[in-house]
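Here the structure is laid out as structure tokens; the discussion comes afterwards.
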Amino acid sequence: MGSDISSVKCSEYRNISEAEAPRWLYTPTDVTFITVGIPVLLCVGVSANLTFLFVLLRGQTMQTNTNVYLASLALADLLYLSLFATLLLWRHVTSPAVFTYPFVNSASCSLYFIVLRTGYCGSVAFVTAVTYERYLALCHPFEHLRIRGPRRVYKIVLTCWLVSLMIVCITIPEVSLLRTWCVQWPDRDEYQEYPSTVADCVAVKPKVKYYSPMLRSGLWFLVMLCNTYMYIRLIHTLVKQVATESRLGVSQRAQQRKRQVAVMIIVNGVVFFLCQAPYHAIIIVQWMYRIAETPSPIDMALQSNQFWVRNFPQMANTIVNPFIYGALNAQYRAAFLEAFGCRRRPREALNVPHPPECAREQQRQQEGQI
């Protein structure tokens, strides 16, 4: 039954009964998500984020400091989505057993999850960075004018990547050991071709499972609270500014531009944290019941569907940002049309000089872009 296991170094041996065999195999829900949902997310996500990066590179009005953060966010989303989706598809193709990874040693586990989780943590960091940038610009404009500049932006981007990598390295011991089970399937014809080994990436020590999940999810909730505070301050400041500008007769274009920024930041932040909330809520509840050494009600309620309830919204979150920008930001839509040749380039692309007032207005518009 299956391949010969005499040459395989097994961490454990498992005799699978006919009653528990279905728990080791993909359910119809798993197959639907993997064969339909994951390919759709992968194709749409990669296309949307690459298109967004292309528009940022080609659009002259999109060359702003804040868009450096958004480009980094798109790269982090691409990294996370492509690696996670590829692993799920690879696992499904190579083995009918759901609890298996196609890795050859523990180093493979560590390397894969370091890169994957760095992409995930990077996306959280860049969402926070772009929110903080707009928070400074609107709530502390003089401080922002004093410290802003491309060098500062690139330093922050590098810091976000390094901090993400550091956090991942602290928590990676929970998935850095490759454990191989040598399994004996039920003695029936349908199981004859099933693999004799199942591999999983597990914690190096049991105690790691008691601190690592709380560290990851605890930091996430802390970041969410910081972002929520900045969103509230942004909304309050924008409402005051719009009211003041209305009384002073400031141009409607300036007000509309600020409203676009506010709406986009709020929508982007709410969608981002809502998509990630199920994962971290489930992780924290499981951690609490693990500490109490009692069965988790979430495990009993969701059973095999728990994986998709936790992870599918997170994966879907990686594709929504470009659509939010396109729906809520007129400047991005114009740059999109320009980048794909649907609209002629502005006069400055033809090296036609501008009057000083036009140049100053263009500079103000670029400073206000997201």
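Going by the working numbering, the sequence shown opens with residue 2, and the numbers climb by one from there. Backbone N, C-alpha and C fix where the C-beta goes; we use that ideal spot for every residue, glycine too.
- prompt: For Leu163, does the count of other Cβ atoms within 10 angstroms reach 16, so buried, or fall short, so exposed?
  reply: Locating residue 163 in the sequence shown gives position 162, where the first residue counts as 1. With fewer than 16 other Cβ atoms within 10 Å, it is exposed.
C-alpha gap between Ser107 and Gln261, whole angstroms: Position 106 of the sequence shown, counted from the start, is the residue given in the question as residue 107. Position 260 of the sequence shown, counted from the start, is the residue given in the question as residue 261. Answer to the nearest angstrom: the Cα atoms are 48 Å apart.
field: Delimiting residues of the beta strand (DSSP E) encompassing Ala200
entry: Here residue 200 is taken as the residue at index 199 of the sequence shown, counted from 1. Start and end: 198–203.
task: Would you kindly report the start and end of the unbroken alpha helix (DSSP H) that includes Val184?
output: Position 183 of the sequence shown holds residue 184. Careful: Val184 lies outside any alpha helix (DSSP H), inside the beta strand (DSSP E) at 178–185.
- prompt: If we ignore side chains and look at the alpha-carbon of each, how far apart do Ile325 and Val310 end up?
  reply: Residue mapping note: residue 325 aligns to position 324 of the sequence shown, counting from 1. Residue mapping note: residue 310 aligns to position 309 of the sequence shown, counting from 1. Cα-Cα distance, rounded: 23 Å.
- prompt: Is the stretch 179–189 close to the stretch 112–127, with three or more CB pairs under 8 Å?
  reply: no
- request: Put Tyr212 into one of helix, strand or coil per three-state DSSP.
  value: Residue 212 sits at position 211 when you count from the first residue of the sequence shown. If DSSP states are grouped into helix, strand and coil, Tyr212 belongs with the helices.
message: Along the chain, where does the alpha helix (DSSP H) containing Arg189 start, and where does it finish?
response: One-based indexing of the sequence shown puts residue 189 at position 188. Note, Arg189: premise wrong, no alpha helix (DSSP H); not H, not E.
query: If you drop the 5 nearest sequence neighbours on each side, which residues of the same chain put their C-beta closer than 6 Å to that of Leu84?
result: As a first step, residue 84 must be located in the sequence shown, where it is residue number 83. Closer than 6 Å at the Cβ level, and outside the excluded window around Leu84, lie Leu117.
task: Measure the alpha-carbon distance for Pro323 versus Leu166 and round it to whole angstroms.
output: What you label residue 323 is simply residue 322 of the sequence shown in a count that begins at 1. What you label residue 166 is simply residue 165 of the sequence shown in a count that begins at 1. C-alpha separation (whole angstroms): 25 Å.
query: Can you give, in chain order, each stretch of the beta strand (DSSP E) that sits fully within the stretch 82–121 and has at least 3 residues?
result: none
message: Helix, strand or coil for Asn322? Go by DSSP, reduced to three states.
response: Here residue 322 is taken as the residue at index 321 of the sequence shown, counted from 1. Residue state, collapsed to three classes: helix.
Local Cβ density within 10 Å of His237, reported as buried at 16 or more and exposed below that: Here residue 237 refers to the residue found at position 236 when the sequence shown is read from its first residue. The residue in question, His237, is exposed, as its Cβ has fewer than 16 Cβ neighbours within 10 Å.
task: Could you tell me if Ala244 is buried or exposed, where buried requires 16 or more neighbouring beta carbons within 10 angstroms of its beta carbon?
output: For this step, residue 244 is matched to residue 243 along the sequence shown. Exposed, since its Cβ has fewer than 16 Cβ neighbours within 10 Å.
message: Mapping the DSSP letters down to three states, classify Glu134 as helix, strand or coil.
response: Position 133 of the sequence shown holds residue 134. Helix.
message: Would Val99 and Tyr155 be called neighbours here (beta carbons separated by less than 9 Å)?
response: Position 98 of the sequence shown, counted from the start, is the residue given in the question as residue 99. Position 154 of the sequence shown, counted from the start, is the residue given in the question as residue 155. The answer is no: Cβ separation not under 9 Å.
query: How would you label Gln304, buried or exposed, when you count the other beta carbons within 10 angstroms and need 16 or more for buried?
result: Residue numbering aside, residue 304 sits at position 303 when the sequence shown is read from its first letter. Exposed, by the Cβ-count rule.
query: According to DSSP, is Asn16 helix, strand or coil?
result: Along the sequence shown, one-based indexing puts residue 16 at 15. Three-state result, Asn16: strand.
query: With which residues is Leu26 paired in a DSSP beta bridge?
result: Numbered from 1 along the sequence shown, position 25 holds the residue referred to as residue 26. In DSSP, Leu26 forms a bridge with Ala98.
task: Could you tell me the distance, in whole angstroms, from the CA atom of Lys206 to the CA atom of Tyr212?
output: The count along the sequence shown starts at 1 and reaches residue 206 at position 205. The count along the sequence shown starts at 1 and reaches residue 212 at position 211. Roughly 11 Å separates the two Cα atoms.
task: For Arg348, count neighbouring Cβ atoms within 10 angstroms of its own Cβ and tell me buried if that reaches 16, exposed if not.
output: Within the sequence shown, the letter at position 347 stands for residue 348. Here the model assigns Arg348 a pLDDT of 47, short of 50, so the residue's position is not dependable and the matter cannot be decided.
- request: State the start and end residues of the unbroken alpha helix (DSSP H) segment that holds Gly46.
  value: The count along the sequence shown starts at 1 and reaches residue 46 at position 45. It spans 39–59 - the alpha helix (DSSP H) in which Gly46 sits, taken as one unbroken run.
Residue from Cys110, Asn66, Tyr195 with nearest C-alpha to Val184: Residue mapping note: residue 184 aligns to position 183 of the sequence shown, counting from 1. Per the Cα distances, Tyr195.
message: Considering just the uninterrupted stretch of the alpha helix (DSSP H) at His141, what are its terminal residues?
response: The residue given as residue 141 occupies position 140 in the sequence shown. Counting along the chain, His141 falls outside any alpha helix (DSSP H), and DSSP gives it neither H nor E.
query: Would you call Ala350 buried or exposed, if buried means 16 or more other Cβ atoms sit within 10 Å of its Cβ?
result: On the sequence shown, residue 350 is found 349 positions in, with the first residue counted as 1. Since pLDDT at Ala350 reaches only 42, below the 50 mark, its modelled position is unreliable, and the value read off the structure follows with that caveat. Ala350 comes out exposed.
- prompt: So is Pro214 buried or exposed if we call it buried at 16+ other beta carbons inside 10 Å?
  reply: Residue numbering aside, residue 214 sits at position 213 when the sequence shown is read from its first letter. Result: buried.
message: Taking the alpha helix (DSSP H) that Arg334 belongs to, which residues open and close that run?
response: On the sequence shown, position 333 is the one that residue 334 refers to. That run of the alpha helix (DSSP H) goes 331–340.
field: Reference Asn50, options Arg24, Gln61, Ser111, Ser124, closest by Cα
entry: In the sequence shown, counting from the first residue as 1, residue 50 sits at position 49. The shortest Cα separation from Asn50 among Arg24, Gln61, Ser111, Ser124 belongs to Ser124.
message: To the nearest angstrom, how far is the alpha carbon of Val1 from that of Gly38?
response: This structure leaves residue 1 out entirely; the chain is present only between 2 and 371.
field: Secondary structure of Leu343, DSSP reduced to three states
entry: Mapped onto the sequence shown, residue 343 falls at position 342. Reading off the sequence, residue 343 comes out as Cys, not Leu. If DSSP states are grouped into helix, strand and coil, Cys343 belongs with coil.
- prompt: To which residues of the same chain is Gln287 closer than 8 Å at the C-beta, ignoring the five residues directly before and after it?
  reply: For the purposes of this step, residue 287 is identified with residue 286 of the sequence shown, where counting begins at 1. Same-chain partners within the cutoff: Pro214, Ser297, Ile299, Asp300.
message: Rounded to the nearest angstrom, what separates Ser48 and Ala138 at their Cα positions?
response: Counting from 1 along the sequence shown, the entry for residue 48 is found at position 47. Counting from 1 along the sequence shown, the entry for residue 138 is found at position 137. Whole-angstrom Cα-Cα distance: 31 Å.
- prompt: Pairing CB atoms from the stretch 270–287 with CB atoms from the stretch 58–74, are three or more of them under 8 Å?
  reply: no
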